[in-house]
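My numbering puts the sequence shown at residues 6 to 71.
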Amino acid sequence: DEAELPFPLSVQISVSLLRNVDHGDVIAETTLTHAGRRLMVADSQIKDEDGRLLATMTSTHIVARR
6 DEAELPFPLS
16 VQISVSLLRN
26 VDHGDVIAET
36 TLTHAGRRLM
46 VADSQIKDED
56 GRLLATMTST
66 HIVARR
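Given below as structure tokens:
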């Protein structure tokens, strides 16, 4: 049942915008750098179609029950 699944509640998000893009697709690659019982930290890199870095993001989440 979906109601029993943990829900990642965001408590902190930090984004660094490095470059603009006005066409094409963007790709986000995310790595879970910490996965504890109550806290998760994820690092993401957003790139354009050519692999150029557009933005970086770090987010911290509390693992809460719904």
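We put the CB at the ideal spot given by N, CA and C, even for glycine.
Everything numeric in this text was worked out from a predicted model, so none of it was measured.
Inter-residue CB distance, residue i and residue j (contact presumed, cutoff 8 Å)
i     : j     : result
VAL16 : HIS66 : 7 Å
LEU37 : ALA47 : 5 Å
For residue i: DSSP bridge partner residues
i     : result
GLU54 : None; GLU54 has no bridge partner.
THR35 : SER49
Assigned exposure category for residue i - 16 Cβ within 10 Å defines buried
i     : result
ILE18 : exposed
ILE51 : buried
N-terminal and C-terminal residue of the beta strand (DSSP E) that residue i is part of
i     : result
LEU10 : Looking at the DSSP string, LEU10 is not in any beta strand (DSSP E), and its letter there is neither H nor E.
Backbone secondary structure at residue i - three-state DSSP
i     : result
VAL26 : coil
Cβ-heavy atom distance, residue i to the ligand GDP, below 6 Å
i     : result
VAL46 : Ligands in the displayed structure: none, and consequently the ligand GDP is not present.
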